[in-house]
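Engineer: In my numbering, the protein residues as written are 1 to 269.
Even for Gly, the Cβ is constructed at its ideal location relative to N, Cα and C.
Note that the structure is a prediction, hence the values are computed from the model and not measured.
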């Protein structure tokens, strides 16, 4: 934007002599312009003097904070949603568009429509998810909510019955955040689910990639990095283990026995 601004003034003759935001010397035009989606992106430099944005690790909700958020919710519908998000790893809007036939408690699966391909994909969920889902469905049945296999799975809690959208779900989550003074987002629940799966040594990373719907395994690998709190805890545990180890006396120097060393250091006359 700034480069275009100065280019416009250069053409009008009302700006500086040179553009302070030039392109790379070996490239003309936008990076990866007219990219073929069937080929990988080429490594092209951005404009000169442009600062690089540091890559940040995805935020995850610690287990104790997640338990506090879960306890702050008032309705079984919200608890079922939170349990489904954190166990399936689905995006917030993907899960909210599920229909009643997409929940299969017998197979322990919840289907979602993938964001990129728009194909239906079944996702395994935790047993607790279906317990809270059943409680929510019983509450909705008693209140007279609409029922039907092709109807939405998630409804508002008051009449007139409307499908629960993303903004209403985010408002529900923000109210729980306000009670705890935190600032977690709905997408952090997806990151939390991925961290739990990726850090499980018995779960292959390729399975995690399939659950998330990533196109490249390198995108899933960013969740293998430990957070700052985990690194600090691991290092402190290392120091604690070192402190519990017995301190062995140094081995005698070659050519000296223990009696000679006692005399040498004045421990024996």
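Please state whether the Cβ-Cβ distance between residue 176 and residue 73 is less than 8 Å.
Structural biologist: Your numbering for residue 176 matches position 176 in the chain shown. Your numbering for residue 73 matches position 73 in the chain shown. Result yes, Cβ atoms of residue 176 and residue 73 sit closer than 8 Å.
Engineer: Contact check, residue 144 vs residue 213 under 8 Å by CB: the rounded distance?
Structural biologist: Along the chain shown, one-based indexing puts residue 144 at 144. Along the chain shown, one-based indexing puts residue 213 at 213. Incorrect: roughly 36 Å between the Cβ atoms, too far for contact.
Engineer: Just to confirm the assignment: which complete alpha helix (DSSP H) runs, minimum length 4, are found wholly within the segment 215-252?
Structural biologist: Fully enclosed alpha helix (DSSP H) runs of 4 or longer: 217-221 and 228-244.
Engineer: Where do the N-terminal and C-terminal ends of the beta strand (DSSP E) with residue 160 fall, by residue?
Structural biologist: Here residue 160 is taken as the residue at index 160 of the chain shown, counted from 1. No beta strand (DSSP E) holds residue 160; DSSP gives it neither H nor E.
Engineer: Cα separation between residue 280 and residue 18?
Structural biologist: Lying outside 1 to 269, the shown extent of the chain, residue 280 is not represented and no answer is given.
Engineer: Return the chain-ordered list of same chain residues with a C-beta closer than 6 Å to the C-beta of residue 58, the five sequence neighbours on each side being excluded.
Structural biologist: Locating residue 58 in the chain shown gives position 58, where the first residue counts as 1. For residue 58, where only same-chain residues beyond five positions count, the Cβ hits under 6 Å are 191.
Engineer: Spatial neighbours of residue 132 within its chain, please: CB distance less than 7 Å, with the 5 preceding and 5 following residues excluded, ordered by chain position.
Structural biologist: As a working note, residue 132 is residue 132 in the chain shown. Answer for residue 132: 76, 79, 80 and 83, listed in chain order.
Engineer: Could you check if residue 173 is buried or exposed, using at least 16 other CB atoms within 10 Å of its CB as the buried criterion?
Structural biologist: Residue 173 sits at position 173 when you count from the first residue of the chain shown. Burial call: buried.
Engineer: Which whole-angstrom value describes the C-beta separation of residue 92 and residue 238, a residue pair presumed to lie in contact below a C-beta threshold of 8 Å?
Structural biologist: Within the chain shown, the letter at position 92 stands for residue 92. Within the chain shown, the letter at position 238 stands for residue 238. The pair is not a contact, with the Cβ atoms about 38 Å apart (cut-off 8 Å).
Engineer: Checking the sheet assignment: what are the DSSP bridge partners for residue 104?
Structural biologist: In the chain shown, counting from the first residue as 1, residue 104 sits at position 104. Looking at the DSSP assignment, residue 104 forms a beta bridge with 109.
Engineer: Should residue 85 be labelled buried (16 or more other beta-carbon atoms within 10 Å of its own) or exposed?
Structural biologist: Walking along the chain shown from the start, residue 85 turns up at place 85. Residue 85 comes out buried.
Engineer: Taking the CB atoms as reference points, tell me whether residue 100 and residue 153 lie closer together than 8 Å.
Structural biologist: Reading the chain shown from its first residue, position 100 is the one you call residue 100. Reading the chain shown from its first residue, position 153 is the one you call residue 153. For residue 100 and residue 153, yes; Cβs fall inside 8 Å.
Engineer: Relative to the C-alpha of residue 119, which residue among 9, 129 and 97 is closest?
Structural biologist: Position 119 of the chain shown, counted from the first residue, corresponds to residue 119. Measuring from the Cα of residue 119, the nearest candidate turns out to be 97.
Engineer: Spatial neighbours of residue 129 within its chain, please: CB distance less than 6 Å, with the 5 preceding and 5 following residues excluded, ordered by chain position.
Structural biologist: For the purposes of this step, residue 129 is identified with residue 129 of the chain shown, where counting begins at 1. These residues qualify, in order along the chain: 83, 84 and 87.
Engineer: Under 8 Å between the Cβ atoms of residue 194 and residue 89?
Structural biologist: For the purposes of this step, residue 194 is taken as residue 194 along the chain shown, with counting starting at 1. For the purposes of this step, residue 89 is taken as residue 89 along the chain shown, with counting starting at 1. Contact: yes.
Engineer: Which residues in the same chain have their Cβ closer than 6 Å to the Cβ of residue 182, if we skip the five residues on either side of it in sequence?
Structural biologist: Taking the chain shown and counting its residues from 1, the one referred to as residue 182 is at position 182. Taken in chain order, the list of residues that qualify is empty.
Engineer: Residue 155: buried (16+ other C-beta within 10 angstroms of its C-beta) or exposed?
Structural biologist: As a first step, residue 155 must be located in the chain shown, where it is residue number 155. That one is buried.
Engineer: Quick check: the Cα distance between residue 55 and residue 142, rounded to an integer number of angstroms?
Structural biologist: Along the chain shown, read from residue 1 onward, the residue named residue 55 stands at position 55. Along the chain shown, read from residue 1 onward, the residue named residue 142 stands at position 142. Roughly 49 Å between the two C-alpha positions.
Engineer: Can you check whether the CB of residue 109 is closer than 8 Å to the CB of residue 125?
Structural biologist: For this step, residue 125 is matched to residue 125 along the chain shown. For this step, residue 109 is matched to residue 109 along the chain shown. Taking 8 Å as the Cβ cut-off, residue 125 and residue 109 qualify as a contacting pair.
Engineer: CA-CA distance, residue 225 and residue 62?
Structural biologist: Taking the chain shown and counting its residues from 1, one reaches residue 225 at position 225. Taking the chain shown and counting its residues from 1, one reaches residue 62 at position 62. Between residue 225 and residue 62, the C-alpha separation is close to 15 Å.
Engineer: Reducing DSSP to helix, strand and coil, say where residue 81 ends up.
Structural biologist: Indexing the chain shown from 1 puts residue 81 at position 81. Helix at residue 81.
Engineer: Looking at the secondary structure, which residues open and close the beta strand (DSSP E) in which residue 133 lies?
Structural biologist: As a position in the chain shown, residue 133 is number 133, starting the count at 1. Not the beta strand (DSSP E): residue 133 falls in the alpha helix (DSSP H), residues 127-143.
Engineer: Which residue's Cα is closest to the Cα of residue 1: 40, 20, 206 and 201?
Structural biologist: The residue labelled residue 1 in the question sits at position 1 within the chain shown. When only C-alpha atoms are compared, the closest one is 20.
Engineer: Residue 219 and residue 198: beta carbons closer than 8 Å?
Structural biologist: As a first step, residue 219 is located in the chain shown; it is residue number 219 there, counting from the start. As a first step, residue 198 is located in the chain shown; it is residue number 198 there, counting from the start. For residue 219 and residue 198, no; Cβs fall outside 8 Å.
Engineer: Going along the chain, which residues of its own chain have a beta-carbon closer than 6 Å to the beta-carbon of residue 146, five neighbours each way excluded?
Structural biologist: Counting from 1 along the chain shown, the entry for residue 146 is found at position 146. 161.
Engineer: If I measure Cβ to Cβ from residue 169 and keep anything under 7 Å in the same chain, skipping five residues before and after, which residues do I get?
Structural biologist: Numbered from 1 along the chain shown, position 169 holds the residue referred to as residue 169. Excluding residues within five positions, the ones whose Cβ falls inside 7 Å are 81, 92, 96 and 186.
Engineer: Name the DSSP bridge partner or partners of residue 120?
Structural biologist: As a first step, residue 120 is located in the chain shown; it is residue number 120 there, counting from the start. Beta-bridge pairing links residue 120 to 113.
Engineer: What is the residue span of the alpha helix (DSSP H) that residue 21 lies within?
Structural biologist: In the chain shown, counting from the first residue as 1, residue 21 sits at position 21. That residue, residue 21, is in no alpha helix (DSSP H); it is neither H nor E in DSSP.
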